[in-house]
Amino acid sequence: MRPLFYAVWRKIKSMRTTVANIMLFLSCCTQCVFAQQQDTLVLPAAEIVAERPLLFSIGNSTTLLDSAFVATSQGNNLGELLSQQSALFVKTYGAGGSSTLSSRGTEARHTAVFWNGLNISSPTLGLNDLSLTPVSFCNRILIVRGGSCAINGSSSIGGSVHLLPSEPVFEKHGAFSASAEAGSFGNFNTSLSSQWAGKFVESKTQVFYGTANNDFKFVNRASRDFPEQRLTNSANSGFGIMQDLRFKTGADQYAGLSAWYQTLSREIPPLMTDPSSEATQSDSSLRLVGTYKINKQKWGVHANGGIFYEYQRYNDPEYSINTYYPSKTLTGDIEWRRFLSRSLIISAGSNYALSSAKFAEYGTELKRRELFSIYSGIKFNHMEKLKAQLNLRKELLYANAPAFTPQLGLEASIYKNMVVLIGSLGRNYHIPSMNDLYWVPGGNPDLQAEDAWNGELGLELKIQKFEKTKIRINAFGSKTENWIRWQPTTGGIYAPDNLRKVETKGGELLITHRQSFRKAVIDFTAEYSFVSSCLIETYHANEIQLLGNQLMYIPNHKATAGIFYEKGNTSVVINHSFTGSRFTDADNTQWLDGYVLADLRMEHWFSMNKSAVAITAGVFNLYDTEYQIMPYRPSPGRWFTVGIKFTHANKKP
């Protein structure tokens, strides 16, 4: 800890004037507000309890998928759910393959994934494989579009996804649920969930198991005469268990322990251009997190600490490859919040992460990457008519990180709370991954952090004649300097550098509507995104002709639309998604065609005293569309599932 202490102290001394000015400003604000404060003031305590991204995402476009909505997609992984329910682009490497997320024209490393408030993206790869997260392990999912590094830290240039836990209530109750689903191509998924709570302890245990052969037929467009073939070497199986414990330690505080073990073994199918494949990959992870929260009326403290182990093994007998990549991350975050008045709240905190890895491609020594940041925020909320926030963050240990990263957000009612102006402007950054820094040969330990300015401006229209109707229109843009890209050097070795500037811009349309009639409910959601993501500056002479071209594998257009219908014990969900064409080369001369997908899910529940049973059915790729997400990686045509759910409750969840 001594090297860490001295490094932090040197950084703090170097910026002591700035810190002193900030503290003086907050102190003045505190004194002025407390002079007017009354002891009987009623404060919105929910803001003390709320997760940080929910509290401080003013100005960002956000979508919260609650537990009831998530329950309709229990057999999916997180990548499949986000592809169906948002205009984010999920890049999937074939059936059962890895899935990564692109938000607002950025790359996968620019969208961070958080669990229990901690970043769970791989420190070696710098991204998160969404196919490893079953939806059955998710309670609430918050999607934040646009840069939010001042709130979340590195890697949120494009956006972030937060797997939010539920707050404990410490009331006596118990529940049990189970589901099983079987479908085409040998698909089988099952999950179990058990909950128990008393006055001082709450426990929740979840188990997931899934397997699939993925041996579907496809038309090989890379072969002469376009023969119909069956996909081979494409099976996968996965298992996971999650345990949450919460202990009430006082009237307004509790401690928690969470454990998540996950493993997935999969065969890597051949490309359309290859006759066969024997490659396999195994991914395992163990995540342990401790939590302590104090939620008083006027102040609160939220502390999270965790240790994450990740292990990946890749084996290909054909090329005599058998490699494994273990890594470990020790991380923690602590935040303090204080109400200064009914309208004003401030926060301050720090975040630490130490990642380490040792494998052949890093040389003979253990490699470490240490990050430490401090952050603060101030939020103003005047009777829900005007909301504003200012967030600041500073990375202290990574020498090539940018200066302070501020973010300003605003929401202002401009007509009777029916028309709201929304905007944000901020600086964002991405610290290079351990592979970028230490891979041998090619890694570059002198890489600068990617440095971006992001902004968005939008209008939200609320139609009060209906139960729940919102229309939001956004325009957004960003410029990222020091864009990291691996490319061949003069010696033929691939290496990363910072010699590019990329500009992204576009617009979004989001619509939500709810209508009730004759004991039925219809929820309609629609989302459309247009993105232009182009290289606008480069110091590589061989890339001059690429200026103004759309980046590879990023579609200009993405849209989704869904209808949820419920009447009595029966519900039907219909989802449509459109993904536009994507260029597969930097010259923008080759591309993959766009495609439309549709899914249909149905459930009917039968009540039995305190229990209920449901019969489920689903049809996926309803129109039997032939498409490729990545080049020469076939996708299945129309396929089906049937299943059963059981829950020990008075009514369906």
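In numbering that gives the first Met the number 0, the protein residues as written are 0 to 652.
Here a beta-carbon is modelled for each residue, glycine too, at the ideal position from N, C-alpha and C.
Pair within 8 Å by beta-carbon distance, residue i and residue j
i, j, result
"residue 617", "residue 639", "yes"
"residue 627", "residue 596", "no"
"residue 243", "residue 139", "no"
"residue 642", "residue 178", "yes"
"residue 338", "residue 292", "no"
"residue 528", "residue 507", "yes"
"residue 248", "residue 266", "no"
"residue 153", "residue 353", "no"
"residue 532", "residue 104", "yes"
"residue 268", "residue 329", "no"
"residue 366", "residue 437", "yes"
"residue 449", "residue 482", "yes"
"residue 257", "residue 144", "no"
"residue 155", "residue 555", "no"
"residue 118", "residue 111", "yes"
"residue 389", "residue 405", "yes"
"residue 53", "residue 162", "no"
Contacts around residue i, its chain only, beta-carbon distance under 6 Å, and the 5 residues preceding and following it disregarded
i, result
"residue 661", "The question about residue 661 has no answer here: the residues shown for the chain are numbered 0 through 652."
"residue 208", "189 and 238"
"residue 562", "523 and 573"
"residue 130", "76, 78, 97 and 98"
"residue 381", "342"
"residue 521", "514 and 564"
"residue 441", "492, 493 and 494"
"residue 629", "92"
"residue 472", "457, 458 and 508"
"residue 633", "217"
Per-residue burial, residue i [other beta carbons within 10 Å of its own, 16 or more giving buried]
i, result
"residue 363", "exposed"
"residue 88", "buried"
"residue 170", "exposed"
"residue 319", "exposed"
"residue 80", "buried"
"residue 393", "buried"
"residue 150", "buried"
"residue 234", "buried"
"residue 619", "buried"
"residue 63", "exposed"
"residue 220", "exposed"
"residue 517", "exposed"
"residue 374", "buried"
"residue 635", "buried"
"residue 201", "buried"
"residue 334", "buried"
"residue 222", "exposed"
Three-way DSSP call (helix, strand, coil) for residue i in this model
i, result
"residue 542", "helix"
"residue 47", "helix"
"residue 278", "coil"
"residue 155", "coil"
"residue 147", "coil"
"residue 316", "helix"
"residue 136", "helix"
"residue 183", "helix"
"residue 360", "helix"
Element boundaries [alpha helix (DSSP H), containing residue i]
i, result
"residue 462", "No alpha helix (DSSP H) holds residue 462; DSSP gives it neither H nor E."
"residue 81", "77 to 84"
"residue 437", "433 to 437"
"residue 60", "Unbroken run through residue 60 is the beta strand (DSSP E), 60 to 64; no alpha helix (DSSP H)."
Residue range of the unbroken beta strand (DSSP E) whose run includes residue i
i, result
"residue 574", "569 to 578"
"residue 238", "235 to 249"
"residue 337", "320 to 338"
"residue 389", "385 to 394"
"residue 169", "No beta strand (DSSP E) contains residue 169, which DSSP labels as neither H nor E."
"residue 601", "594 to 607"
"residue 562", "556 to 566"
"residue 522", "519 to 537"
"residue 496", "493 to 496"
"residue 467", "467 to 480"
"residue 109", "Counting along the chain, residue 109 falls outside any beta strand (DSSP E), and DSSP gives it neither H nor E."
"residue 448", "Neither: residue 448 is in no beta strand (DSSP E) and is coded neither H nor E."
"residue 416", "Taken as a continuous stretch (DSSP letters only), residue 416 belongs to no beta strand (DSSP E), as it is neither H nor E."
"residue 642", "638 to 646"
Cutoff 8 Å; reference residue i; Cβ partners in own chain excluding five residues on either side
i, result
"residue 454", "422, 423, 424, 425, 475, 476 and 477"
"residue 359", "322"
"residue 544", "586"
Neighbourhood of residue i by C-beta distance below 7 Å, restricted to the same chain and skipping five residues each side
i, result
"residue 120", "111, 112, 126, 127 and 154"
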